[in-house]
Amino acid sequence: MKKSILIIVLFLSFKFINAQQSFTKTENFLITTEIKDKTKLHAPFVVNLVHAEDQSKKISTFKIEDTELFEDIFVTTLKNPGLVGVSEVIKMEIEYLGCCAHVEAYYYMVKDDNTIVPLPRIKNVYCENSDRDFQYIFPNQEFGVKGNILETQTFYKEMLKDVKYVNSMKSFVWNGGIVLDSNITAIASN
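Under mature numbering (1 follows the signal peptide of the UniProt record, and there is no 0), the letters of the sequence shown match residues -19 to -1, 1 to 171, in that order.
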């Protein structure tokens, strides 16, 4: 069962990367971990997202409480997302495996001056017959809208193979420094 779910998650990640042709594996950012209490069998640990060149520059810190179900962390980046003053977007996915895969996705926009702007967390649950997921779409991606960051729900045909349609759940306007709620409610195909 766990292997089936893991295969679905990996397939979905692969399909998402290919469909968007944009978020790619990176070596510019790393994950470091610290176990705080080494006396416990399944002790919680702290996870840091850091710059590879200077690991003292922490972008974000998380505490993994449920270490029995914790599976992996994936870090990818999107270069030139199409937002003024944003050079790239970092996407960190934390995966937990139980009867289904639970994936928490964290997105961080890196501005031209290297300051970080986080977006709200997105959660996905992938079970054997999953046909949808939630994600952010940026202006330079398929279904992107100029100057907007779209929180979307993508529906797939036949077990996450091809995009059936995309719903805009929420949208944000980027004004060069602040993320504001927007009123974009529909997505047109490019």
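Note that the Cβ used here is the ideal one computed from N, Cα and C, for glycine as well. Keep in mind that this is a model prediction, so the values were computed, not measured.
- DSSP, read as helix, strand or coil, puts residue 35 in coil.
- A straight-line Cα-Cα distance of about 11 Å links residue 119 and residue 90.
- Secondary structure of residue 86 (DSSP, three-state): strand.
- Secondary structure in the region 86 to 116: the beta strand (DSSP E) runs of 3 residues or longer, each lying completely within the stretch, are 97 to 99 and 103 to 107 in chain order.
- 59 is the residue among 131, 129, 59 and 144 whose C-alpha sits nearest the C-alpha of residue 72.
- Judged by DSSP in its simplified three-state form, residue 30 adopts strand.
- Contact between the region 3 to 21 and the region 30 to 40 is present: 3 or more CB-CB pairs across the two stretches fall below 8 Å.
- The C-beta distance from residue 146 to residue 130 rounds to 19 Å, too long to fall under 8 Å, and the pair is not in contact.
- Residue 85 sits close to residue 102, with the two beta carbons spaced by under 8 Å.
- Between residue 154 and residue 127, the alpha-carbon positions lie close to 9 Å from each other.
- The Cβ neighbour count for residue 70, taken over all protein chains shown within 10 Å, is at least 16; the residue is labelled buried.
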